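The structure under discussion appears below in the form of structure tokens.
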Amino acid sequence: MTSLTLPPLRVASGNVRLPGSKSISNRMLLLAALAEGTTEIRDLLDSDDTRVMLAALRKVGVGVTALGGNAWRVDGCGGAFPVKDADLFMGNAGTAIRPLTAALALSGGHYRLSGVPRMHERPIGDLVDGLLQIGADVRYTGNPGFPPLAIHPATVKLAGPIRLRGDVSSQFLTALLMALPLTGQAAVIEMTTELISRPYIEITLNLMARFGVTVEREGWQRFTLAAGQRYRSPGVLHVEGDASAASYFLAAGAIGGGPVRVEGVGRDSIQGDVRFAEALAAMGASVEWGAQHIEARAPESGRLKAFDLDLNHIPDAAMTLAVAALFADGRCFLRNIASWRVKETDRIAAMATELRKLGATVEEGADYIAVSPASTLVPDTAIDTYDDHRMAMCFSLAALGGVPVTINDPHCVNKTFPDYFDAFAEITAPVIAIDGPSASGKGTVAERVAAALGYHYLDSGSLYRLTALAALRTGVALDGEAGVAALAAGLPASFEGGRILLAGDDVTDAIRTEEVSAGASKVAALPAVRAALLARQRAYRRFPGLVADGRDMGSVVFPAATAKVFLTASAAARAERRYKQLIGKGMPANMHALLQDLQERDARDAQRSVAPLRQCDDADLVDTTEMNIEAAVAAVMTIVARQRL
Ligand code: DC
93 MTSLTLPPLR VASGNVRLPG SKSISNRMLL LAALAEGTTE IRDLLDSDDT
143 RVMLAALRKV GVGVTALGGN AWRVDGCGGA FPVKDADLFM GNAGTAIRPL
193 TAALALSGGH YRLSGVPRMH ERPIGDLVDG LLQIGADVRY TGNPGFPPLA
243 IHPATVKLAG PIRLRGDVSS QFLTALLMAL PLTGQAAVIE MTTELISRPY
293 IEITLNLMAR FGVTVEREGW QRFTLAAGQR YRSPGVLHVE GDASAASYFL
343 AAGAIGGGPV RVEGVGRDSI QGDVRFAEAL AAMGASVEWG AQHIEARAPE
393 SGRLKAFDLD LNHIPDAAMT LAVAALFADG RCFLRNIASW RVKETDRIAA
443 MATELRKLGA TVEEGADYIA VSPASTLVPD TAIDTYDDHR MAMCFSLAAL
493 GGVPVTINDP HCVNKTFPDY FDAFAEITAP VIAIDGPSAS GKGTVAERVA
543 AALGYHYLDS GSLYRLTALA ALRTGVALDG EAGVAALAAG LPASFEGGRI
593 LLAGDDVTDA IRTEEVSAGA SKVAALPAVR AALLARQRAY RRFPGLVADG
643 RDMGSVVFPA ATAKVFLTAS AAARAERRYK QLIGKGMPAN MHALLQDLQE
693 RDARDAQRSV APLRQCDDAD LVDTTEMNIE AAVAAVMTIV ARQRL
């Protein structure tokens, strides 16, 4: 078993582009498969659970084609699945096995569905009961009430209302609703219990409507489908960001200062889990909503408040609140969450066990959990994740208590969010930004500070140099903003063991020539080039931390850097260093010309409209005029130590 140790973290801030929603992705895939016509689905989630759905659809004869960039084409069957005999492996994907069971039961074929051992412990009996009522032939081949299942052709007849339980999982209702149009008959579903997780039904109804099938709903009690409704492709669809995944980043913003902005869900979302942000607000966090984004930051008081909330409407995102409770000012109650017991693992038991390891006092009941935080978290705790992606993602937040936390089996996040820890690092990993004028020695100092701390190192200037070199080599005009920006966006560059490669070619020395330096200075003044390199630079923010060197690291690229240093020296001192460097290399040099050149460049850099050279208000000044390299490194290390990294 592998593990990932997160370093002690204190602050979280930045932007996160969310992966596509799992709930929407798998519903859209199935609806597109059953529909008449071809559907293009953009921003589909790429994860284990969507792969399970895609593989199953392929096996039953649906044409699914990757179009690149998470876009997929689905050639709908216009009704039941064409392949009439198949063995289907469902992994641990509840959003795949439940709706597929219903759709396959109405497809007139022989199908066998199975999954991982945990899937065989997750209930499906209520759905099967519903299907049996209309004459479907679905049999348990393992334990009654659970997968694996065998499905056979049957004549389906909708006489009276289908009576269905809704208190174990809302997915049973979702599954029936999505499959019933296959019968062509009018259908009524009556709930025999209270319906849990209602917002997920709203997602289902919303997506069915986009494919042309409407459901009449009387409260949460009775659902009616008129006869003769068929799914028709709406053409191109777009999957919103995953609102459940948003919860980890929003919570990080509330715990670690913020602001943290998630992009891809907002006020207009159809996912109930966006209401997690309201729960965070109830804890005192400040939350701002946009149409397509949500942003969270810590309460004014600095401390999150204890809460007592019914969380039945956001069962998945509620897990994030259980871990956020570690940072609250008192005992927190999470109520009406019985469905946790039948998810990827028994989430109430798992959550209680792992929170206790961190020092919290936890009380668990059949359908609630109460968390009393300890004053400090137990450091170096190893968290077990129970093959549950949400356990892994939730508990990453504990590191924001300033303690190292180990996540066992972190790859379980592949279920819904394969890049989760990279995204988490991009808002939490400590960053030391070292800005400063040319020839201030910041490159050397930054590299040594990174080595001393065991951090990653970003030489942002090399990215501008690489862009210029790539332009020179491919004949792209250096002042052609769009062309150079396109090059910068797809720069085939990599850094390996101190060498810099461009398309596999070692260009470590080639990017230091006068021609490339002059070119870099030109392309660095183009706003589109700077924008194209922004995301790439931010992606260097990784655990355990990053030292970033360049003139706008603290001002633009990492404005919320943990420590900011403005490294400078008098123009005379810098000219002298450059002079010695050149003479040392046996090159001609003129002290007076060098000084004049530097002074002119400083003036240009300070005045340029794009990313001008300036010292941020919150940066510490290190003037190295009278310092050697060792002294400059020591001065930066003192500043870093003050931040308690
Ligand atoms: O630091 P350097 O000399 O390698 O930088 C190369 C060029 O890129 C130089 O003209 C400054 C510019 N640059 C920039 O504008 N912003 C950065 N963050 C880094 C470098």
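By our numbering, the letter at position 384 of the sequence shown is numbered 476, and the numbering carries on one by one without gaps.
For glycine and all other residues, C-beta sits at the position ideal for the given N, C-alpha and C.
Owing to the predicted nature of the structure, the values given are computational and were not obtained by experimental measurement.
Measure the beta-carbon distance from residue i to residue j and round it to whole angstroms, keeping in mind my assumption that it falls under 8 Å.
{"i": "Ala563", "j": "Leu579", "result": "6 Å"}
{"i": "Phe181", "j": "Glu213", "result": "Not a contact, Cβ separation roughly 16 Å."}
{"i": "Gly335", "j": "Ser113", "result": "Contrary to the premise, residue 335 reads as Ala rather than Gly in this sequence. Indeed, because the Cβ distance is near 6 Å, the residues count as touching under 8 Å."}
{"i": "Arg630", "j": "Glu455", "result": "At roughly 41 Å, the Cβ-Cβ gap does not stay under 8 Å, so Arg630 and Glu455 are not in contact."}
{"i": "Asp697", "j": "Leu705", "result": "4 Å"}
{"i": "Ala640", "j": "Ser552", "result": "6 Å"}
Within the same chain, show all residues whose beta-carbon is closer than 8 Å to that of residue i, passing over the 5 residues directly before and after it, in chain order.
{"i": "Ala383", "result": "Gly358, Arg359 and Asp360"}
{"i": "Leu626", "result": "Val648 and Val649"}
{"i": "Leu598", "result": "Sequence check: residue 598 is Asp here, not Leu. Same-chain partners within the cutoff: Arg591 and Ile592."}
{"i": "Asp402", "result": "Arg427 and Asn428"}
Report the three-state DSSP secondary structure of residue i (helix, strand or coil).
{"i": "Thr306", "result": "coil"}
{"i": "Thr508", "result": "coil"}
{"i": "His684", "result": "helix"}
{"i": "Arg706", "result": "coil"}
{"i": "Asn235", "result": "coil"}
{"i": "Arg325", "result": "Here residue 325 turns out to be Ser, not Arg, going by the sequence shown. In the structure shown, Ser325 sits in coil (DSSP, three-state: anything other than H, G, I, E or B)."}
{"i": "Tyr203", "result": "strand"}
{"i": "Gly361", "result": "First, the residue type needs correcting, since residue 361 is Ser and not Gly in the sequence shown. It is coil, neither helix nor strand."}
{"i": "Pro209", "result": "helix"}
{"i": "Ala178", "result": "strand"}
{"i": "Ala538", "result": "helix"}
{"i": "Leu418", "result": "helix"}
{"i": "Ile288", "result": "coil"}
{"i": "Thr187", "result": "helix"}
{"i": "Gly258", "result": "coil"}
{"i": "Pro529", "result": "coil"}
{"i": "Tyr478", "result": "coil"}
What's the call for residue i, buried or exposed, on a 16-neighbour Cβ count within 10 Å?
{"i": "Pro236", "result": "exposed"}
{"i": "Gln321", "result": "buried"}
{"i": "Ala542", "result": "buried"}
{"i": "Val108", "result": "buried"}
{"i": "Asn298", "result": "exposed"}
{"i": "Ala695", "result": "exposed"}
{"i": "Ala390", "result": "buried"}
{"i": "Val328", "result": "exposed"}
{"i": "Asn404", "result": "buried"}
{"i": "Ser199", "result": "buried"}
{"i": "Pro59", "result": "Within the shown structure, residues of the chain are numbered from 93 to 737, placing residue 59 beyond reach of any answer."}
{"i": "Gly676", "result": "exposed"}
{"i": "His385", "result": "buried"}
{"i": "Ser532", "result": "buried"}
{"i": "Ile721", "result": "exposed"}
{"i": "Pro465", "result": "buried"}
{"i": "Gly642", "result": "buried"}
{"i": "Glu392", "result": "exposed"}
{"i": "Ala723", "result": "exposed"}
{"i": "Leu638", "result": "buried"}
Take residue i as the anchor and find which of the options has the nearest alpha-carbon.
{"i": "Asp167", "options": "Val156, Gln277 and Val175", "result": "Val156"}
{"i": "Trp164", "options": "Arg309, His330, Arg324 and His202", "result": "His330"}
{"i": "Ile226", "options": "Tyr232, Ala194 and Pro240", "result": "Ala194"}
{"i": "Leu146", "options": "Ala346, Pro273 and Ser117", "result": "Ser117"}
{"i": "Thr437", "options": "Val208, His684 and Arg119", "result": "Val208"}
{"i": "Leu223", "options": "Asp179, Ile406 and Leu269", "result": "Leu269"}
{"i": "Pro273", "options": "Ile524, Leu123, Glu282 and Phe587", "result": "Leu123"}
{"i": "Pro240", "options": "Glu355, Gly186, Arg622 and Thr600", "result": "Gly186"}
{"i": "Arg423", "options": "Ala452, Gly333 and Gly575", "result": "Ala452"}
{"i": "Lys249", "options": "Lys672, Ala228 and Pro680", "result": "Ala228"}
{"i": "Val379", "options": "Ala398, Ile362, Gly364 and Gly349", "result": "Gly349"}
{"i": "Ser139", "options": "Arg669, Val154, Asn720 and Asn184", "result": "Asn184"}
{"i": "Glu606", "options": "Leu674, Ile475 and Thr730", "result": "Leu674"}
{"i": "Glu588", "options": "Arg565, Arg622, Ala617 and His548", "result": "His548"}
Less than 6 Å between C-beta atoms, sequence neighbours within five positions excluded: which residues of the same chain meet that for residue i?
{"i": "Gly494", "result": "Pro100 and Arg102"}
{"i": "Cys504", "result": "Thr477, Asp479, His481 and Ala484"}
{"i": "His557", "result": "Checking the sequence, you will find Arg at residue 557 rather than His. Contacts found: Ile603, Val608 and Ala612."}
{"i": "Ala560", "result": "Val608, Gly611, Ala612 and Val615"}
{"i": "Tyr512", "result": "Met485 and Val505"}
{"i": "Asp527", "result": "Arg643, Met645, Gly646 and Phe658"}
Within a Cβ cutoff of 7 Å, which residues of the same chain sit near residue i, ignoring the five residues on either side of it in sequence?
{"i": "Leu450", "result": "Leu418, Leu469, Val470, Thr473 and Ala490"}
{"i": "Val220", "result": "Val230"}
{"i": "Met93", "result": "Asn500 and Asp501"}
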